[in-house]
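There are 2 protein chains.
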Amino acid sequence: MTWVDAAEGGFGVHHLPYGAFSTTDDTSVRLGVRIGDHVLDLRKLAANGLVDTAVAAALSTETLNAFMSLGRSAWDATRSRLQEILTDATFQTDVSPLLTPVGDVSLHMPFDPADYVDFYSSEHHATNVGRMFRPDGDALMPNWKHIPIGYHGRSGTLIPSGSDIVRPTGQRRTPDGDIIFGASVRLDIEAEVGFVVGVPSQRGQRVSVDDFADVVFGTVLVNDWSARDIQAWEYQPLGPFLGKSFATSIGSWVTPLAALSAAQVPAPTQDPQVQPYLAEANRYAYDLSISVEWNGTTVANPPFASMYWTPAQQLAHLTVNGASVRSGDFYASGTVSGPEKEQRGSFLELSWAGKEPVKLDDGSTRTFLEDGDTVVLKATAPGPDGSVIELGEVSGTIKPALS
Amino acid sequence: MTWVDAAEGGFGVHHLPYGAFSTTDDTSVRLGVRIGDHVLDLRKLAANGLVDTAVAAALSTETLNAFMSLGRSAWDATRSRLQEILTDATFQTDVSPLLTPVGDVSLHMPFDPADYVDFYSSEHHATNVGRMFRPDGDALMPNWKHIPIGYHGRSGTLIPSGSDIVRPTGQRRTPDGDIIFGASVRLDIEAEVGFVVGVPSQRGQRVSVDDFADVVFGTVLVNDWSARDIQAWEYQPLGPFLGKSFATSIGSWVTPLAALSAAQVPAPTQDPQVQPYLAEANRYAYDLSISVEWNGTTVANPPFASMYWTPAQQLAHLTVNGASVRSGDFYASGTVSGPEKEQRGSFLELSWAGKEPVKLDDGSTRTFLEDGDTVVLKATAPGPDGSVIELGEVSGTIKPALS
Chain A
1 MTWVDAAEGG FGVHHLPYGA FSTTDDTSVR LGVRIGDHVL DLRKLAANGL
51 VDTAVAAALS TETLNAFMSL GRSAWDATRS RLQEILTDAT FQTDVSPLLT
101 PVGDVSLHMP FDPADYVDFY SSEHHATNVG RMFRPDGDAL MPNWKHIPIG
151 YHGRSGTLIP SGSDIVRPTG QRRTPDGDII FGASVRLDIE AEVGFVVGVP
201 SQRGQRVSVD DFADVVFGTV LVNDWSARDI QAWEYQPLGP FLGKSFATSI
251 GSWVTPLAAL SAAQVPAPTQ DPQVQPYLAE ANRYAYDLSI SVEWNGTTVA
301 NPPFASMYWT PAQQLAHLTV NGASVRSGDF YASGTVSGPE KEQRGSFLEL
351 SWAGKEPVKL DDGSTRTFLE DGDTVVLKAT APGPDGSVIE LGEVSGTIKP
401 ALS
Chain B
1 MTWVDAAEGG FGVHHLPYGA FSTTDDTSVR LGVRIGDHVL DLRKLAANGL
51 VDTAVAAALS TETLNAFMSL GRSAWDATRS RLQEILTDAT FQTDVSPLLT
101 PVGDVSLHMP FDPADYVDFY SSEHHATNVG RMFRPDGDAL MPNWKHIPIG
151 YHGRSGTLIP SGSDIVRPTG QRRTPDGDII FGASVRLDIE AEVGFVVGVP
201 SQRGQRVSVD DFADVVFGTV LVNDWSARDI QAWEYQPLGP FLGKSFATSI
251 GSWVTPLAAL SAAQVPAPTQ DPQVQPYLAE ANRYAYDLSI SVEWNGTTVA
301 NPPFASMYWT PAQQLAHLTV NGASVRSGDF YASGTVSGPE KEQRGSFLEL
351 SWAGKEPVKL DDGSTRTFLE DGDTVVLKAT APGPDGSVIE LGEVSGTIKP
401 ALS
């Protein structure tokens, strides 16, 4: 039980996600940890000598990268120390002044992204997309159950929740075959879950599936905004590019993997058998229940536990060729879609490529995003002892295209 | 005429490429400029008060990023000042002690790469690859002459010339359809030319084709090592991933665009007409003559001036959707292949997918790379007044795969 007021919900002392914030009083960007509706200033906590000197310098920077690179023992020790400080009432007098209401802070990118990889690991999503785009072929590509398919995205346009999304412009081909230039008319979302690498690896070495929880620091929700018309015209043969690169929004609070131990559930059985480097002795998924809110209407509840490939397999795959990872490397799951229609994590799937409009609570209908629309992704997971973990939400509002 | 000894070749005072170096005496990484067979220490030059105070701090860092972000007027002023210092004999006494023989330095990544994009802009290369992989279809995809096709690569495995290349392992499908795991048996090169962004842009804004020389700082040679067997099995539908991400080697000396003004030649005519955002009032290519040396044998001479899409068009395209660029963003041309067989910039094309072995001077033959093989890319371009610019070479040697 924490001494902080009103902190027994999804951001209780069992959670403690990390972020980067500033205030109007002090516009410098510093690290904080969220407890209930407050943010604890870690730079001040370090300056007051309340954390281990080994982590104090890392906690006094502007992003999580230095702290994340220290490794799991430092993460665990810091988490334990923060739980001690926030539950032992003898700290209340000293630490209360270091708390700021979360409504009074501006949140920034919690880490400096190195490389960004986007996977494609939902069997239901890949099957839906395959059915729409290749109606006469097999819905899944022959490689899909052998490889966690993925590609590199643009790390420079990873942006924190709340950032506006300017509708992208680009080339597309009309149904008549004309090639035109203009604002995307099929602007979509992809509800995903992302993982942040803490500990770097060396080029020429591999990260095994067993090393996942020692290398990956934490997780955030992701909205991988996608311009379907731009993507459809550009993606052959080298994959998505401008249809995705204009913006990818992430949650501003990084939930440490340590907070999700109670959320581990068995991952789907894989058939055919995977290559040994992808085989997991302890195969588990995270039971995150995602909600997709479109102008306030919940239009989908994608279940993350249904993903065919786990984040441990994704990490092992992306390094099996000897590619190194850096602190701040970020990889996302791909659109999370469950087997049911109301579990689909993109509007492309929910509206079946625009053929089945989605009804919102205000009586309007939608196929793809309109200017002024706001999308909010939220997620909860089981916490310890019947508690709940609430991931940091990801919101974004569509602004008109540049002329 | 410079007062530095033996500096009238491809690295004369008309060139002055920038790099990052260290020495055994001083293992700290600092910036330098190459003049002939020497490196001028820019950190010491700045400490001695010999450059403008506005650039002194930027020139005293470990990478070019800060200097590059200052913009073209700072680049031009610094270049003029360096030319003055290196040609006016009154500086010789003070500046000679700041020169180190290039053979005595270790070279590092000259810039900290932000995002890395790889294009596919040679019509001859794209046509050759299309003929090999889609013998029954059109060699060029329908989008190819409308869009400078590209995709994001892995910036964390951009490495400087001379770094070893560990043969990658991964999944591939055998001709019999078996899916196996092991070392790549079709390890290839791609001879490319890369461009380094200096001046950042804002998300939601575009960089026009006319802004190219104000935004891009300079150029380097690139070897985009490619495991063709891994790539062939993984690349549908999201593009190349592990087949490319293990290593991409770049030249250690960044040639400023300002050094290449005499190398501008007309770029190939484009038909059909491109969209207005890709139309260039002053359309030019850079006349770089590349050589590909395989264990000392020159096996190809790809002509960079033959590329269908120019670097200005590539930059305009990658930002047309509102994607921002950062100082250190890097984009490469794609494999440079000319119309003739001996102008092809990959071994895939030179050996026609392994069917036509390449003969080396030692009497051996090759299709793809063997362990121990060394590839060196070099390039020259016309400099002012009949001089020659020699780009920093890119070398790499293949080491055996991890077991």
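Chains A and B supply the protein sequences, listed in that same order. Every letter in the first sequence is one number past the one before it in UniProt numbering, and letter 339, counting from 1, is 339. Every letter in the second sequence is one number past the one before it in UniProt numbering, and letter 272, counting from 1, is 272. Every residue gets a Cβ at the ideal spot worked out from N, C-alpha and C, and that includes glycine. Just so we're clear, the structure is a prediction, and the values are computed from it rather than from any experiment.
Quick one: which unbroken beta strand (DSSP E) runs of 3-plus residues sit fully inside the region 94-182 of chain B? Chain order, please. 99-101, 105-108, 116-119, 150-153, 158-160 and 169-173
According to DSSP, residues forming a beta bridge with B:D188: Here residue 188 of chain B corresponds to residue number 188 of the second sequence, with the count starting at 1. Per DSSP, B:S226.
Taking A:S289 as part of the beta strand (DSSP E), name the residues at either end of that continuous run. What you label residue 289 of chain A is simply residue 289 of the first sequence in a count that begins at 1. Here the beta strand (DSSP E) through A:S289 covers S289 to W294.
Measuring only between beta-carbons, confirm whether B:V375 sits less than 7 Å from chain A. Here residue 375 of chain B is taken as the residue at index 375 of the second sequence, counted from 1. Chain A contact via Cβ: absent.
State the Cα-Cα distance for the pair A:F304 and A:S161, rounded to the nearest angstrom. Position 304 of the first sequence holds residue 304 of chain A. Position 161 of the first sequence holds residue 161 of chain A. Spanning the two alpha carbons is a distance of roughly 20 Å.
Thinking C-beta only, is A:D287 closer than 7 Å to A:V265? Working through the first sequence from its first residue, we reach residue 265 of chain A at position 265. Working through the first sequence from its first residue, we reach residue 287 of chain A at position 287. Yes, the pair counts as a contact, with Cβ atoms nearer than the cut-off.
Could you check what DSSP says for B:G218 in three-state terms: helix, strand or coil? Here residue 218 of chain B refers to the residue found at position 218 of the second sequence. It is a strand residue.
By the DSSP assignment, the beta strand (DSSP E) with B:Q264 in it spans what residues? Locating residue 264 of chain B in the second sequence gives position 264, where the first residue counts as 1. Counting along the chain, the beta strand (DSSP E) containing B:Q264 begins and ends at Q264 to P266.
What are the residues that DSSP puts in a beta bridge with A:H38? In the first sequence, counting from the first residue as 1, residue 38 of chain A sits at position 38. In DSSP, A:H38 forms a bridge with A:I35 and A:P101.
Buried versus exposed, by CB contacts within 10 Å (16 or more), A:R134: For the purposes of this step, residue 134 of chain A is taken as residue 134 along the first sequence, with counting starting at 1. It is exposed - the Cβ of A:R134 has fewer than 16 other Cβ atoms within 10 Å.
Out of A:I180, A:E123 and A:L318, state which residue places its alpha-carbon closest to the alpha-carbon of A:D115. As a position in the first sequence, residue 115 of chain A is number 115, starting the count at 1. Nearest option by C-alpha distance: A:L318.
Per-residue burial, A:N321 [other beta carbons within 10 Å of its own, 16 or more giving buried]: Here residue 321 of chain A refers to the residue found at position 321 of the first sequence. Its Cβ being crowded by 16 or more others within 10 Å, A:N321 is buried.
Please classify A:G243 as buried or exposed, where buried requires at least 16 neighbouring CB atoms within 10 angstroms. Taking the first sequence and counting its residues from 1, one reaches residue 243 of chain A at position 243. Its Cβ being crowded by 16 or more others within 10 Å, A:G243 is buried.
When the Cα atoms are used, what is the spatial distance from B:S73 to B:D26? On the second sequence, residue 73 of chain B is found 73 positions in, with the first residue counted as 1. On the second sequence, residue 26 of chain B is found 26 positions in, with the first residue counted as 1. Their Cα atoms are separated by approximately 31 Å.
Partners in chain A for B:S245, counting only beta-carbon separations shorter than 8 Å: If you number the second sequence from 1, residue 245 of chain B lands on position 245. Residues of chain A passing the Cβ test: H152, L318, N321 and A323.
Let's see if you can read the secondary structure: which residues bound the beta strand (DSSP E) around A:V55? Residue numbering aside, residue 55 of chain A sits at position 55 when the first sequence is read from its first letter. It is not in any beta strand (DSSP E) - A:V55 instead sits in the alpha helix (DSSP H) that spans T53 to A56.
State the DSSP-derived secondary structure class of B:Y286, mapped to helix, strand or coil. Translated into the one-based positions of the second sequence, residue 286 of chain B becomes position 286. Correct three-state label for B:Y286: strand.
Kindly confirm or deny that the region 382-395 of chain A and the region 322-338 of chain A touch, where touching means at least three C-beta pairs closer than 8 Å. no
Tell me, please, whether the CB atom of A:Q236 is closer than 7 Å to any CB atom in chain B? Looking up residue 236 of chain A in the first sequence gives position 236. Yes, A:Q236 lies at the interface with chain B (some Cβ there is under 7 Å from its Cβ).
Suppose you measure from the CA of A:N128 to the CA of A:S226; what does that come to, to the nearest Å? Residue numbering aside, residue 128 of chain A sits at position 128 when the first sequence is read from its first letter. Residue numbering aside, residue 226 of chain A sits at position 226 when the first sequence is read from its first letter. Approximately 16 Å between the Cα atoms of the pair.
Compare the Cα-Cα distances from A:V376 to each of A:D118, A:S324, A:A285 and A:T298 and report the closest residue. Indexing the first sequence from 1 puts residue 376 of chain A at position 376. Nearest C-alpha to A:V376: A:T298.
Endpoints, alpha helix (DSSP H) assigned at A:P382: In the first sequence, counting from the first residue as 1, residue 382 of chain A sits at position 382. Per DSSP, A:P382 belongs to no alpha helix (DSSP H); it is in the beta strand (DSSP E), T374 to P382.
B:K355 burial status per 10 Å Cβ neighbour count (16 or more: buried): Taking the first residue of the second sequence as 1, we reach residue 355 of chain B at position 355. The residue is exposed, with fewer than 16 neighbouring Cβ atoms inside 10 Å.
Whole angstroms is fine: what's the gap from A:A262's alpha carbon to A:H14's? Translated into positions along the first sequence, residue 262 of chain A becomes position 262. Translated into positions along the first sequence, residue 14 of chain A becomes position 14. Looking at the two C-alpha atoms, the distance is approximately 11 Å.
Could you pull the start and end residues of the alpha helix (DSSP H) that B:E84 belongs to? The residue given as residue 84 of chain B occupies position 84 in the second sequence. Counting along the chain, the alpha helix (DSSP H) containing B:E84 begins and ends at R72 to T87.
For A:A323, which option in A:V207, A:K341 and A:A247 has the closest C-alpha, if you only look at C-alpha atoms? Locating residue 323 of chain A in the first sequence gives position 323, counting from the first residue. Of A:V207, A:K341 and A:A247, the residue nearest in Cα terms is A:V207.
Please report the straight-line C-alpha distance between B:S387 and B:L360, rounded to a whole angstrom. Mapped onto the second sequence, residue 387 of chain B falls at position 387. Mapped onto the second sequence, residue 360 of chain B falls at position 360. Computed Cα separation, rounded: 31 Å.
Could you give the uninterrupted runs of the beta strand (DSSP E) lying entirely in the region 303-391 of chain A, keeping only those of 3 residues or more? 330-332, 374-382 and 388-390
For a contact meaning CB atoms closer than 7 Å, what does residue 478 of chain B contact in chain A? Look at the range of chain B in this structure, 1 to 403, and you will see that residue 478 of chain B is not part of it.
Spatially closest choice to B:H125 from B:S364, B:S249 and B:S337, by CA coordinates: As a position in the second sequence, residue 125 of chain B is number 125, starting the count at 1. Checking every option, the nearest Cα to that of B:H125 belongs to B:S337.
Any chain B beta carbon closer than 7 Å to A:S155: As a first step, residue 155 of chain A must be located in the first sequence, where it is residue number 155. Yes - at least one Cβ of chain B is within 7 Å of the one on A:S155.
Between the region 101-121 of chain B and chain A, which residues of the former have CB atoms less than 7 Å from a CB of the latter, in chain order? A114, D115 and Y120
Cβ pair count under 8 Å reaching 3, the region 336-353 of chain A against the region 181-192 of chain B: no
Run down chain B in chain order and give the residues with a C-beta less than 8 Å from the C-beta of A:Y277. As a first step, residue 277 of chain A must be located in the first sequence, where it is residue number 277. Residues of chain B passing the Cβ test: F181.
Got a sec? Which residues, its chain only, sit under 6 Å from A:V358 by beta carbon, not counting five neighbours each side? If you number the first sequence from 1, residue 358 of chain A lands on position 358. Counting only Cβ-Cβ distances below 6 Å, and skipping sequence neighbours, we find V299, L350, S351 and R366.
Report the three-state DSSP secondary structure of A:T297 (helix, strand or coil). Locating residue 297 of chain A in the first sequence gives position 297, counting from the first residue. Reduced to three states, the DSSP call for A:T297 is strand.
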